[in-house]
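For the sequence shown, UniProt numbering assigns the number 1 to the initial residue and increments by one for each residue that follows.
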Amino acid sequence: MKILSVSTATNHLSVALNEDQQVIVEKNERDERNHSEHLDPLIDEILKENKLTLKDIDRFAVAIGPGSYTGLRIGITTVKMFASILDKEVVGISTLQALAKGVAGDALVIAGLDARNDNYFAGGYKSGDIPENVIPDGHYNIDALIKAIQEYAAENEVKKIVFVGSGLEKQDEKIKALNIPYEYGDDDQNVIHAGLIGKLAVSATPIDPDKLLPRYLRRTQAEVDWHKKTGKPFEPDSHYVEEV
Numbered sequence: 001m002k003i004l005s006v007s008t009a010t011n012h013l014s015v016a017l018n019e020d021q022q023v024i025v026e027k028n029e030r031d032e033r034n035h036s037e038h039l040d041p042l043i044d045e046i047l048k049e050n051k052l053t054l055k056d057i058d059r060f061a062v063a064i065g066p067g068s069y070t071g072l073r074i075g076i077t078t079v080k081m082f083a084s085i086l087d088k089e090v091v092g093i094s095t096l097q098a099l100a101k102g103v104a105g106d107a108l109v110i111a112g113l114d115a116r117n118d119n120y121f122a123g124g125y126k127s128g129d130i131p132e133n134v135i136p137d138g139h140y141n142i143d144a145l146i147k148a149i150q151e152y153a154a155e156n157e158v159k160k161i162v163f164v165g166s167g168l169e170k171q172d173e174k175i176k177a178l179n180i181p182y183e184y185g186d187d188d189q190n191v192i193h194a195g196l197i198g199k200l201a202v203s204a205t206p207i208d209p210d211k212l213l214p215r216y217l218r219r220t221q222a223e224v225d226w227h228k229k230t231g232k233p234f235e236p237d238s239h240y241v242e243e244v
């Protein structure tokens, strides 16, 4: 099964072609923010270099969040369009699960993206071929995240914790107080790889492209302001957690 995978969730752009669990090619651009301009050319490069067209792709996969509001919509809209027009399968993969997939060995993986002011989009995963989400993906203040890790560790044998993503090193004093061996991911582990999204996509369940939605995990300020002004309920067009 040929899978074309995309991540536009952060300032790291990643596109990959997989043949089932094998990554045929992955192309990355780091520290770029104009994904709308660069995504299509990267996809085109990969297809041409492998003598393929979009019609040859069996399944599309995309990081659905958490991540940049604008970035997520770019990637999701692109694969939804491809899947709809070509009548192909599409799957959405958690950004945090994709990060956790990059960690091998027996560990609790805390995947997190810096949301500023000591807040993180984060989740805890048991490492493995398909990382298992054991601390729910959410929008956490660092103290709440540390508490969630402590509660999980109290009920499960945690030999090592690996922190991957962005900004977690700033919390080293609080992490050290967990009294559990830990380490931080390297530069390669701390970015989202489309090839790993493709591997996770092999066993993921395809959905209707129209139902493929971003998982922001936090409402935009515009939505909060609109709700306060109108008093109308929020639209159920994404997955959120409580503001912190």
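Cβ coordinates follow ideal geometry from the N, Cα and C atoms, glycine included. As the structure is a computational prediction, the values presented were derived from the model and not from experiment.
Would the beta-carbon of Leu108 fall within 8 angstroms of that of Gly128? Residue 108 sits at position 108 when you count from the first residue of the sequence shown. Residue 128 sits at position 128 when you count from the first residue of the sequence shown. No, they are not a contact pair.
Which whole runs of the alpha helix (DSSP H) in the stretch 185-223 are 4 residues long or more, in chain order? 194-201
Got a sec? Which residues, its chain only, sit under 7 angstroms from Gln221 by beta carbon, not counting five neighbours each side? Indexing the sequence shown from 1 puts residue 221 at position 221. Confidence at Gln221 is low in this model, with a pLDDT of 44, below 50, so the placement of that residue should be treated as unreliable; the coordinate-derived value is given next. Counting only Cβ-Cβ distances below 7 angstroms, and skipping sequence neighbours, we find nothing.
CB-CB length for Val202 against Asp44, believed under 8 angstroms: Position 202 of the sequence shown, counted from the first residue, corresponds to residue 202. Position 44 of the sequence shown, counted from the first residue, corresponds to residue 44. Val202 to Asp44, Cβ: 24 angstroms. No contact.
Which whole runs of the alpha helix (DSSP H) in the UniProt domain "Gcp-like" (32-169) are 4 residues long or more, in chain order? 35-49, 69-86, 95-101, 142-155
Name the DSSP bridge partner or partners of Asp173? Within the sequence shown, numbered from 1, the residue matching residue 173 stands at position 173. Residue identity check: residue 173 is Glu in the sequence provided, not Asp. None, per the DSSP bridge assignment.
Distance, Phe60 Cα to Tyr184 Cα: Working through the sequence shown from its first residue, we reach residue 184 at position 184. Working through the sequence shown from its first residue, we reach residue 60 at position 60. Between Tyr184 and Phe60, the C-alpha separation is close to 31 angstroms.
Output needed for Ala148: all residues of its chain with C-beta closer than 6 angstroms, excluding positions within five of it in sequence on either side, in chain order. Indexing the sequence shown from 1 puts residue 148 at position 148. Cβ within range, chain order: Ile135.
Between Glu132, Leu86, Asn141, Val90, which has its C-alpha nearest Leu113's C-alpha? On the sequence shown, residue 113 is found 113 positions in, with the first residue counted as 1. Of Glu132, Leu86, Asn141, Val90, the residue nearest in Cα terms is Asn141.
Out of curiosity, what's the CA-to-CA distance linking Tyr182 and Gly165? Within the sequence shown, numbered from 1, the residue matching residue 182 stands at position 182. Within the sequence shown, numbered from 1, the residue matching residue 165 stands at position 165. Distance between the alpha carbons of Tyr182 and Gly165 is about 14 angstroms.
Can you check whether the CB of Ala98 is closer than 8 angstroms to the CB of residue 276? Residue 276 lies beyond the range of the chain shown here (1 to 244); nothing can be said about it.
Exposed or buried, what is Asn18 when buried is set at 16 or more other beta-carbons lying within 10 Å of its beta-carbon? The residue you call residue 18 lines up with position 18 of the sequence shown. Buried: at least 16 other Cβ atoms inside 10 Å.
Between which two residues does the beta strand (DSSP E) holding Ile180 run? Within the sequence shown, the letter at position 180 stands for residue 180. Counting along the chain, Ile180 falls outside any beta strand (DSSP E), and DSSP gives it neither H nor E.
Restricting to Cα atoms, I'd like to know which of Ser7, Tyr152, Val23, Asp56 is closest to Ser68. The residue labelled residue 68 in the question sits at position 68 within the sequence shown. It is Ser7.
So for Gln22, helix, strand or coil by DSSP? Translated into the one-based positions of the sequence shown, residue 22 becomes position 22. Reduced to three states, the DSSP call for Gln22 is strand.
Own chain partners of His35 with C-beta closer than 8 angstroms, once the 5 adjacent residues on each side are dropped: As a first step, residue 35 must be located in the sequence shown, where it is residue number 35. The residues are Thr8, Leu13, Gly71, Ile74, Gly75.
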